[in-house]
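Just below is one structure, and these are the notes that go with it.
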Amino acid sequence: MSRREGRPIHPALVGLGMMLVAFNLRPALTSVGPLLIEIRAATGLSASGAALLTTLPVLCLGLACALGPMVVRRIGADAGVLLAILVVALGNGLRGLGGLALLYLGVCLAGVGIGLAGVLLPGLVKRDFAGRAGIMTGLYTMVLCLGAAAGAGLTVPLAEAGGGWPLALAAWSLPALAAALAWLPFVRAAPSGLSAGPARRPLWRDPLAWQVTGFMGLQSSLAYVIFGWLPAVLQDRGLSALEAGLVASILSIGQMPSALLVPALAARLRDQRGLVVGLILLCIASFAALVLGPVWAVMPIGILLGLSVGGLFGLGLTIIVLRAPDAAAAAGLSTLAQGVGYSLASLGPLGFGLAHDLSGGWFWPTLLFTGIALGSLVCGLGAGRAGYVGEPSSQRS
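So the sequence shown is numbered by the working numbering: it starts at 1 and just counts up by one.
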């Protein structure tokens, strides 16, 4: 049975509930990019306004992570996840009411819900699946990537089927509502179980916690640049909106194998620095090739980029769990790493869009992407070292 108190629940059901929630934590972010050119044409939105549209949900995602500890204290982590997924559903629905104001409000609310759910789930994994944290994090990340692929690949066909871009964006509220219904029994079954652990040095004073935060934020920034801007880049290179959305979907599907395997492998290793280096270098090379290389090769290159991005995200979540000695520490580190990290990550899509607006091309934005990746590499070399937050650095290898 699950380690929850109250009515026993089989771990498989708990895991299934987590997977359904995870599926809904990316379509709100990946469904806008394939329609960005159509939205700009319909609304007169500038490139800077489009950059803000891709930045706001990530910024709200990061800011919402700070709500995690308060939500756990007030209603518990399990009820907090239910609240989060309902906010995602509301945000997605508002995007379909038409007009820029509701579109911006909807993406912001969706970002808040995604951030809150994302910061609570690692602690629940540590609590309910302590002995299988690697495989559960891998499954969670793989399903999250499946949701990203669905958002990227199905939104344009939904728009073309009737209703245009507003209805296509609003349609993603339906799977979020389904996930909320599936999660409801777990809220009634148990308290959060994420009470404070032994007294330790505050995380904000721990260098390792900041290295984990930097790695989580900067590698996430790479993903959000890709989610928000790659379809527009590919359309600028001559692909149709449907073809660009297909490439983005293939890229998201390409994330799934590495999102599953990298966390499981990382959990077996004492030191994850080799994985950090390999994945970052693959990400830089494949993104540059996709933006600047031959158009006929976008599909296989997109798969390679997806493998790197999926592996990096799964590794980032796994490192949060591995660097925490218990569930309470995992929840605290998750709040710091995702709260500050995602706020930092929001600057990536904004900077990428502004660099394109100023230069009129994609070379300088690609250089910015490379710089962000190298920053993630530096942080990852520290975060990947064996050890726990809260212990003296002399005890870390």
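We put the beta carbon where it would ideally sit given N, CA and C, even for glycine.
To the nearest angstrom, how far is the alpha carbon of residue i from that of residue j?
| i | j | result |
| --- | --- | --- |
| L120 | A130 | 15 Å |
| A331 | A77 | 10 Å |
| L53 | V247 | 21 Å |
| V276 | D128 | 27 Å |
| W204 | G68 | 16 Å |
| G387 | C379 | 15 Å |
| L86 | L177 | 7 Å |
| C108 | L102 | 10 Å |
| D236 | F227 | 16 Å |
| A180 | T370 | 38 Å |
| L13 | F363 | 47 Å |
| Y104 | L251 | 26 Å |
| L315 | L139 | 12 Å |
| E38 | H10 | 46 Å |
| G398 | I319 | With the chain represented from 1 up to 397, any question about residue 398 goes unanswered, as that position is not in the structure. |
| V389 | A328 | 12 Å |
| M70 | F287 | 39 Å |
| A244 | L230 | 8 Å |
| G44 | L265 | 47 Å |
| R3 | A209 | Its pLDDT being 44, under 50, R3 is placed unreliably in this model, and the value from its coordinates should be taken loosely. Near 27 Å, if we compare the C-alpha coordinates of A209 and R3. |
| V21 | S258 | 20 Å |
| I301 | I75 | 45 Å |
| V187 | P122 | 17 Å |
According to the neighbour-count rule (16 or more other Cβ atoms, all chains shown, within 10 Å of its Cβ), is residue i buried or exposed?
| i | result |
| --- | --- |
| P294 | exposed |
| A79 | buried |
| S240 | exposed |
| D206 | buried |
| H356 | buried |
| M398 | Missing from the structure shown is residue 398; the chain here goes from 1 to 397 and no further. |
| A152 | buried |
| L367 | exposed |
| P34 | buried |
| R73 | exposed |
| L260 | buried |
| R270 | exposed |
| P365 | buried |
| L83 | buried |
| L94 | buried |
| W296 | exposed |
| G6 | Any answer about G6 is weak, because its pLDDT of 48 lies below 50 and its placement is not dependable; what the coordinates show is given next. Exposed is the call here. |
| A41 | exposed |
| L377 | buried |
| L292 | exposed |
| L59 | buried |
| G238 | exposed |
| G278 | exposed |
| G274 | exposed |
Would you call the CB atoms of residue i and residue j closer than 7 Å?
| i | j | result |
| --- | --- | --- |
| L281 | L305 | no |
| Q219 | L336 | no |
| N92 | W172 | yes |
| G134 | A267 | yes |
| L234 | V156 | no |
| A159 | A168 | yes |
| A117 | V81 | yes |
| L144 | I372 | no |
| G111 | P185 | no |
| C65 | G115 | yes |
| Q272 | G384 | yes |
| S249 | C283 | no |
| I51 | L350 | According to the sequence displayed, residue 51 carries Ala and not Ile. It is a contact, given that the beta carbons lie within the stated cut-off. |
| K126 | V298 | no |
Closest by CA to residue i, which one among the options?
| i | options | result |
| --- | --- | --- |
| G348 | N24, A28, T55, V14 | T55 |
| P263 | I372, L377, T137, I75 | T137 |
| M142 | T213, T366, G254 | G254 |
| G113 | N24, L102, A152 | N24 |
| G341 | L63, A42, L13 | L63 |
| E46 | I284, L368, L354 | Here the sequence assigns Ser to residue 46, which means Glu is not the residue at that position. When each option's Cα is compared against that of S46, the closest is L354. |
| S334 | L105, L124, G163, P34 | L124 |
| A232 | S308, V32, V81 | V32 |
| G99 | A117, V72, S48, A170 | A170 |
| R323 | V298, G382, L184, L90 | G382 |
| Y224 | L374, G15, L344 | L344 |
| G214 | E38, G339, A329, A182 | G339 |
| G147 | L174, L97, S286 | L174 |
| G49 | L36, M18, L317, I301 | L36 |
| M19 | L317, A182, I301, G351 | A182 |
| G162 | L265, L90, G96 | G96 |
| G106 | L61, V212, R132 | L61 |
| T30 | G17, S346, I303, L154 | L154 |
| L26 | G310, D326, F352 | According to the sequence provided, residue 26 is Arg. The question's Leu does not apply to it. Residue G310 is the option with its Cα nearest to R26. |
As an exercise, report each continuous beta strand (DSSP E) stretch of at least 3 residues that is fully enclosed by the region 280 to 328, in chain order.
none
Along the chain, which unbroken stretches of the alpha helix (DSSP H) at least 4 residues long are found entirely within the region 28 to 101?
36 to 43, 47 to 65, 68 to 75, 77 to 94
Would you mind listing the alpha helix (DSSP H) stretches within the region 119 to 195 that are 4+ residues and don't spill past its ends, in chain order?
133 to 160, 164 to 170, 173 to 189
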